[in-house]
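Contents: one structure, followed by commentary.
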Amino acid sequence: MEIRWLLIGVIAAVASIGFMNKWHYPSLPIESVTPREAIQKMNASEQDLVEISRKGDGIWYIMELTKSGMEGIDDKIIAFLDGKGWSFTEKEGSGLFFEKDDERLIVSTEMWTKHYVLVRIPSQI
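Per UniProt numbering: the sequence shown = residues 1 to 125.
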């Protein structure tokens with residue numbers, strides 16, 4: 001009987017530690033950074049749009065969802081790229097379309113958790 005309670009206690013402790021260490025976050029679509037590292041970068045930064053990885057032809061960012069929801073996320077992305085000379089043209093689904101000179105840029109957003117959004121911006125910016 002005592003072994004049973006000890007086993008339940010050990011399982012509860014491991015589950016608590018895992019939850020505190022963010023084991024419960026889903027995997028990222030990139031392999032160069034873990035979910036825990038992405039959250040740590042977000043928490044350590046004062047920026048709204050935090051770079052977490054450069055992979056191939058894209059740069060991955062993480063953003064925290066605020067009370068303004070996805071509209072607020074979109075506005076921050078638009079302002080970020082406007083500062084780099086890109087003009088917002090339209091939004092279709094989770095994609096934001098921009099133009100600069102004769103080039104077209106498509107930024108994709110992905111709801112990662114209920115608190116965080118992943119953003120992929122082509123590295124041509």
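All C-beta atoms in this analysis are idealised placements derived from N, C-alpha and C, irrespective of residue type, glycine included.
Backbone CA spacing between residue i and residue j [nearest angstrom]
i, j, result
"LEU105", "PHE98", "5 Å"
"ILE39", "TRP60", "13 Å"
"GLN124", "ARG4", "59 Å"
"ALA79", "PRO29", "25 Å"
"PHE88", "LYS76", "12 Å"
"VAL14", "GLY95", "40 Å"
"GLY72", "ASP101", "26 Å"
"VAL33", "LYS114", "19 Å"
"TRP112", "ILE62", "9 Å"
Extent of the continuous beta strand (DSSP E) run through residue i
i, result
"ILE52", "50-55"
"GLU31", "Premise fails: GLU31 is in no beta strand (DSSP E) and is neither H nor E."
"SER87", "87-92"
"TYR116", "116-122"
"SER108", "103-111"
"ILE62", "58-64"
"GLU99", "95-100"
Residue i - DSSP class collapsed to helix/strand/coil
i, result
"TRP5", "helix"
"LYS41", "helix"
"ILE11", "helix"
"PRO35", "helix"
Unbroken alpha helix (DSSP H) run spanning residue i, endpoints
i, result
"LEU81", "69-82"
Beta-carbon separation (whole angstroms), residue i vs residue j, contact threshold 8 Å
i, j, result
"residue 138", "ASP57", "The first residue shown for the chain is 1 and the last is 125, placing residue 138 beyond what the model contains."
"PHE65", "TYR116", "The amino acid at residue 65 is misidentified as Phe; the sequence shows Leu. Between TYR116 and LEU65 the Cβ distance is about 7 Å, and since that is below 8 Å, they are a contact."
Exposed unless 16 or more other CB atoms sit within 10 angstroms - verdict on residue i
i, result
"ARG54", "exposed"
"ARG120", "buried"
"LEU7", "exposed"
"THR109", "buried"
"ILE52", "buried"
Any C-beta of chain B under 7 Å from that of residue i
i, result
"GLU37", "The question asks about chain B, but that chain is absent: this structure has only one protein chain."
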